[in-house]
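**Student:** Mapped onto the UniProt record's numbering, the consecutive letters of the sequence shown carry residue numbers 1 to 592.
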Amino acid sequence: MSHLLWKTLVLSPVVLGVTVLVSARAIAAEVAGSSEDAKAKAFQTEAPEAIGASLSMQIQQPSAEKFVVAQAKTDDSQVLEQVNRYSSEGKKQNSLSQVTSVSQFSDVQPTDWAFQALQSLVERYGCIAGYPNSTYRGNRALTRYEFAAGLNACLDRVTELIATATADLVTKQDLATLQRLQEEFSAELATLRGRVDALEARTAELEANQFSTTTKLVGEAIFAVSDIFGGNTGDVNNTVFQDRVRLDLQTSFTGKDVLHTRLAAGNATAFSQIDDAGFPIDTAEGTQTFQIGSTGNNSVIIDWLAYYVPIGPAQVYIAGTGGIHSDYVATNNPYFEDYDGGNGALSTFASESPIYRIGGGAGAALTLPFGKGGSILRPSSLTIGYLASNANNPGGNQGLFEGNYAALGQLNFSIGDRLAIAATYVHGYHGAGGGNLFDLGGGLGSTNRVVGTGQANTLTTLNGSSSNSYGIEAAFRPSDKLSVSGFISYHDITGFGADDDYEAWSYGLGIALPDFGKKGNVLGIFAGAEPYARNRPNFVGNDVPYHFEGFYRYRVSDNISITPGVIWLTSPGQNSDNDDAIIGTLRTTFTF
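1. For residue 354, count neighbouring C-beta atoms within 10 Å of its own C-beta (all shown protein chains included) and say buried if the count is 16 or more, exposed if not.
2. For residue 507, which beta-bridge partners are listed by DSSP?
3. With 16 other CB atoms within 10 Å as the buried threshold, where does residue 183 fall?
4. So what does DSSP say about residue 623, is it helix, strand or coil?
5. With distances taken from CA atoms, which of 510, 481, 479 and 480 is nearest residue 488?
6. Going by beta-carbon coordinates alone, are residue 634 and residue 283 separated by less than 7 Å?
7. Quick check on the burial criterion: 16 or more other C-beta atoms within 10 angstroms. Buried or exposed for residue 150?
8. Output the distance between the C-alpha atoms of residue 122 and residue 179, rounded to the nearest integer angstrom.
9. Give me the Cα-Cα distance between residue 449 and residue 252, rounded to the nearest whole angstrom.
10. How far does the alpha helix (DSSP H) with residue 294 in it reach, from first residue to last?
11. Can you tell me whether DSSP reads residue 158 as helix, strand or coil?
12. Do the region 540 to 553 and the region 195 to 211 meet, that is, are 3 or more Cβ pairs less than 8 Å apart?
13. Just to confirm my understanding: we take residue 309, look at its own chain, exclude 5 residues before and 5 after, and list those with CB closer than 6 Å. What are they?
14. Would you decide whether residue 280 is buried or exposed? Buried here means 16 or more other CB atoms lie within 10 Å of its CB.
15. From residue 247 to residue 300, what does the alpha carbon distance come to, in whole angstroms?
16. Return the chain-ordered ranges of every beta strand (DSSP E) run that is complete within the region 268 to 317 and spans a minimum of 3 residues.
17. Secondary structure at residue 227, three-state DSSP: helix, strand or coil?
18. Can you tell me whether residue 323 is buried or exposed? The criterion is at least 16 other CB atoms within 10 Å of its CB, across all chains shown.
19. Which of the three DSSP states, helix, strand or coil, is assigned to residue 594?
20. From this set, 139, 491 and 440, which residue's C-alpha is nearest residue 501's C-alpha?
21. Give me, in chain order, the residues of the same chain whose beta-carbon lies closer than 6 Å to that of residue 333; leave out the 5 immediate sequence neighbours on both sides.
22. Taking all protein chains shown into account, do 16 or more other C-beta atoms lie within 10 angstroms of the C-beta of residue 160, making it buried, or fewer, making it exposed?
23. Using 8 Å as the Cβ pair cut-off and three pairs as the minimum, do the region 459 to 478 and the region 411 to 431 touch?
24. So, is residue 480 buried or exposed, given that buried needs 16 or more other C-beta atoms within 10 angstroms?
25. Between the beta-carbon of residue 327 and the beta-carbon of residue 262, is there less than 7 Å?
26. Please give me, in chain order, every unbroken run of the alpha helix (DSSP H) with length at least 4 that falls completely inside the region 308 to 372.
27. Identify whether residue 194 lies in helix, strand or coil by the three-state DSSP scheme.
28. For residue 210, which three-state DSSP category applies?
29. Assuming residue 250 is part of the beta strand (DSSP E), what are its boundary residues?
30. Tell me the rounded alpha-carbon separation between residue 549 and residue 590.
31. Where does residue 121 sit, in a helix, a strand or coil, going by DSSP?
32. On the DSSP letters alone, give me the boundaries of the beta strand (DSSP E) that residue 475 sits inside.
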């Protein structure tokens, strides 16, 4: 083979140019172009990334990443993939400029040994192209398939010249040599054409059977091994292996909006905590994020239906079910907040301020940007939202406006590029029959609670109550390897009956070290006081319940992470007589 090529190079400058011919872009574009177009059509079904729930200038954690699981490659498909990759390199711009002179290549000089051959190919036959940046890269190695593709392109050009009565440009010696090369590489050309035909057929089948041109599926599966230790609490609980799965159908109609239809199922439940007398402690301390939205028996529900759409400069959020405040407003807690997913903090307390856990359900929100950049105070925003817990129920003291609701207002500020601050106010109405303050939209009479002690949660009044909550949230990123965030919230509850008023507090501080040990890993430490209320009549326990948490998210691959972590709870139920509780969890998260 090498002897044949050497003789060929001596015979004709045309063949010499073919041998040193084309970078991968020019070679593969002729043969694999149709396959690239087919691949592009096949992936048009991918909707744009979910529009951010807030326009605030909060310090962002890396967005939730979306991954595609690649099919295992065979030896043949590896070759085709290489050709396609070279071809796609050449398509980074819409089209390649026509090369009419070798002088257009910045890396080809008249002193180069192949200059005459390249000049002949360009000026006599016009069957050569380079990279979009006007380089030729003649020293790059090429495969037999690439050479065959380039040869075929030149043959097509020569045939075109003959057909247009310009055959005098092609000598008999050139044609004979090219014919010999065509015969030599006939097997490679046939194989390449066959693979492209097969790829087009498979792509056509994919297009015919695709689920939707506007919808993509984003999934998350969590497996968690967990146990709790400490006195009576440790004795009454066993080690558990729990799961939760979320499948989010993300649909975009305009390319800027997104409709979320999320299915969820799980069997996770929280641990029971026992006091020193052997009775259950009325508390939601230590609740973990993967226990949110779990049905307990792996039955499937639609746990979230929401639509994000920009209207002018504003961002609009509409929730049909399962809406929560942190869906649409900045929480300023990067690396800990993951929307109760499996890649942030372990606990609901460390993931976001409890003020965002008041109410939920169906409703709408609007975020309006204001201010200008260029000063120390960066562009800021105002967010307002309204969520009703039982908006779908037409019964008495129910519905969108007569039942339980929570209305939020928040001002978001950014100072420079590394400091974000938010001031939050939430007004809630809680109907007659009791319930809980931090119920995440559980609604009238619900026993649902996701954070804090019983003293801070329990609404005892039979006549209903209202709450006014105030919070400050801040995040500071002194460097790319360090993030500090925290919050403080105050809750004033006014009951419509005697002795139903009380106050609750909560605060926390977290330190996150992104890329700790490896890119994509996160080491997080969080400490604070879960929501608590002191000096409440008819309630036992008047101590501050502190919460300490540490976790390390280890990124195994783009789609898998493993997070070991520990949660330490002091004075559970606001009673220092109760034994401290320690929760150990090993969480594995699959994203797809």
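Even for Gly, the Cβ is constructed at its ideal location relative to N, Cα and C. None of these values were measured; they are calculated from a predicted model.
**Tutor:** Taking the geometry as given:
1. Indexing the sequence shown from 1 puts residue 354 at position 354. Under this definition residue 354 is a buried residue.
2. For the purposes of this step, residue 507 is taken as residue 507 along the sequence shown, with counting starting at 1. Paired residue(s): 488 and 529.
3. Position 183 of the sequence shown, counted from the start, is the residue given in the question as residue 183. Its Cβ having fewer than 16 others within 10 Å, residue 183 is exposed.
4. In the structure as shown, the chain starts at 1 and stops at 592, and residue 623 therefore has no counterpart that could be examined.
5. Position 488 of the sequence shown, counted from the first residue, corresponds to residue 488. When only C-alpha atoms are compared, the closest one is 510.
6. Summary: the structure shown does not reach residue 634, with the chain confined to residues 1 through 592, and so no result is reported for it.
7. On the sequence shown, residue 150 is found 150 positions in, with the first residue counted as 1. So residue 150 ends up on the buried side.
8. For the purposes of this step, residue 122 is taken as the residue at position 122 of the sequence shown. For the purposes of this step, residue 179 is taken as the residue at position 179 of the sequence shown. Taking the straight line joining both Cα atoms gives about 20 Å.
9. Along the sequence shown, read from residue 1 onward, the residue named residue 449 stands at position 449. Along the sequence shown, read from residue 1 onward, the residue named residue 252 stands at position 252. Computed Cα separation, rounded: 33 Å.
10. Residue 294 sits at position 294 when you count from the first residue of the sequence shown. Neither: residue 294 is in no alpha helix (DSSP H) and is coded neither H nor E.
11. Translated into the one-based positions of the sequence shown, residue 158 becomes position 158. Residue state, collapsed to three classes: helix.
12. no
13. Start at 1 with the first residue of the sequence shown, and residue 309 comes out as number 309. Cβ within range, chain order: 257 and 316.
14. Locating residue 280 in the sequence shown gives position 280, where the first residue counts as 1. Under this definition residue 280 is an exposed residue.
15. Within the sequence shown, numbered from 1, the residue matching residue 247 stands at position 247. Within the sequence shown, numbered from 1, the residue matching residue 300 stands at position 300. So the alpha carbons of these two residues sit roughly 10 Å apart.
16. 301 to 311
17. Working through the sequence shown from its first residue, we reach residue 227 at position 227. Of the three classes helix, strand and coil, the one that applies to residue 227 here is strand, per DSSP.
18. The residue given as residue 323 occupies position 323 in the sequence shown. Per the 10 Å Cβ criterion, buried.
19. Missing from the structure shown is residue 594; the chain here goes from 1 to 592 and no further.
20. Position 501 of the sequence shown, counted from the start, is the residue given in the question as residue 501. Answer by Cα proximity: 491.
21. To locate residue 333, count along the sequence shown from 1; it is residue 333. For residue 333, where only same-chain residues beyond five positions count, the Cβ hits under 6 Å are 352 and 485.
22. Taking the first residue of the sequence shown as position 1, residue 160 is located at position 160. Exposed is the call here.
23. yes
24. In the sequence shown, counting from the first residue as 1, residue 480 sits at position 480. By the neighbour-count rule (16 or more Cβ atoms within 10 Å), residue 480 is not buried but exposed.
25. Residue mapping note: residue 327 aligns to position 327 of the sequence shown, counting from 1. Residue mapping note: residue 262 aligns to position 262 of the sequence shown, counting from 1. The answer is no: Cβ separation not under 7 Å.
26. 348 to 351
27. As a working note, residue 194 is residue 194 in the sequence shown. The answer is helix: DSSP assigns residue 194 an H, G or I state.
28. Sequence index remark: in the sequence shown, residue 210 carries index 210 (1-based). Coil at residue 210, not helix or strand.
29. Mapped onto the sequence shown, residue 250 falls at position 250. Element bounds for residue 250: 240 to 251.
30. Translated into the one-based positions of the sequence shown, residue 549 becomes position 549. Translated into the one-based positions of the sequence shown, residue 590 becomes position 590. Using only the alpha carbons, I get a separation of about 23 Å.
31. Residue 121 sits at position 121 when you count from the first residue of the sequence shown. Reduced to three states, the DSSP call for residue 121 is helix.
32. Your numbering for residue 475 matches position 475 in the sequence shown. 465 to 479 is the extent of the beta strand (DSSP E) around residue 475.
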